[in-house]
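S.K.:
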């Protein structure tokens, strides 16, 4: 064994005995201390801003009154005791071709899926009213919408839905 191999072998053993969790943590703490000493304003902000925010929320909590709202859907305004309703309470919408009790609270979803569902439901509702039109009005309505592309809801637009459809 050469001298260099002996030195590497002994130094790696000594190094592994000196490499403990405490020495690692101590070196990280020393590095952080040096960084914080160089930037006292940033250190103060890191401590004071969250402290101020926590104190502000605590003060706001002391000022407000507690409102007891039971589980369920509440539609009460500014009362201190809320009311509750079942989200699926079957006293809501009534569509003649749907043989089911529909919920009272029909919420509109703000996503694209919700928009597509709302438009589909609106077209079905409008389609049910087409049966009330006379044969000539129905033909004029279908021709205008299907062939002419007259689908704008603005009545002053040149592409507005034909008056026969209403």
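In full-length UniProt numbering, the protein residues as written are 1 to 166.
From the three backbone atoms N, C-alpha and C, an ideal C-beta is built for every residue, glycine too.
Specify whether the region 119-129 and the region 137-146 touch according to this definition: at least 3 beta carbon pairs, one from each stretch, less than 8 Å apart.
M.R.: They do not touch, by the three-pair rule.
S.K.: So, is residue 45 buried or exposed, given that buried needs 16 or more other C-beta atoms within 10 angstroms?
M.R.: Indexing the chain shown from 1 puts residue 45 at position 45. Exposed.
S.K.: Under 9 Å, do residue 158 and residue 144 count as touching if we go by C-beta distance?
M.R.: The residue you call residue 158 lines up with position 158 of the chain shown. The residue you call residue 144 lines up with position 144 of the chain shown. No; because the gap between Cβ atoms is not below 9 Å, this pair is not in contact.
S.K.: What does the alpha-carbon distance come out to for the pair residue 47 and residue 55?
M.R.: For the purposes of this step, residue 47 is identified with residue 47 of the chain shown, where counting begins at 1. For the purposes of this step, residue 55 is identified with residue 55 of the chain shown, where counting begins at 1. In a straight line, the C-alpha of residue 47 is about 13 Å away from that of residue 55.
S.K.: Just how far apart, CA to CA, sit residue 115 and residue 121?
M.R.: Locating residue 115 in the chain shown gives position 115, counting from the first residue. Locating residue 121 in the chain shown gives position 121, counting from the first residue. Whole-angstrom Cα-Cα distance: 10 Å.
S.K.: Using three-state DSSP, classify residue 160 as helix, strand or coil.
M.R.: Within the chain shown, the letter at position 160 stands for residue 160. If DSSP states are grouped into helix, strand and coil, residue 160 belongs with the strands.
S.K.: I need the boundaries of the alpha helix (DSSP H) containing residue 46, first residue and last residue.
M.R.: Residue 46 sits at position 46 when you count from the first residue of the chain shown. Residue 46 -> alpha helix (DSSP H) spans 40-63.
S.K.: In the DSSP assignment, find the alpha helix (DSSP H) that holds residue 126 and state where it starts and stops.
M.R.: In the chain shown, counting from the first residue as 1, residue 126 sits at position 126. Start and end: 112-129.
S.K.: Determine the closest residue to residue 142 out of 153, 165, 155, with distance taken between C-alpha atoms.
M.R.: Along the chain shown, one-based indexing puts residue 142 at 142. Looking at the Cα atoms, 165 is the closest of the given residues.
S.K.: Taking 8 Å as the line, does the beta carbon of residue 125 fall inside it for any heavy atom of the ligand FMN?
M.R.: Among the components of this structure there are no ligands whatsoever, and the ligand FMN is therefore not found.
S.K.: For residue 137, write down the residues that DSSP places opposite it in a beta bridge.
M.R.: One-based indexing of the chain shown puts residue 137 at position 137. Answer is none; residue 137 lacks a bridge partner.
S.K.: To which residues of the same chain is residue 153 closer than 8 Å at the C-beta, ignoring the five residues directly before and after it?
M.R.: Residue 153 sits at position 153 when you count from the first residue of the chain shown. Same-chain partners within the cutoff: 160, 161.
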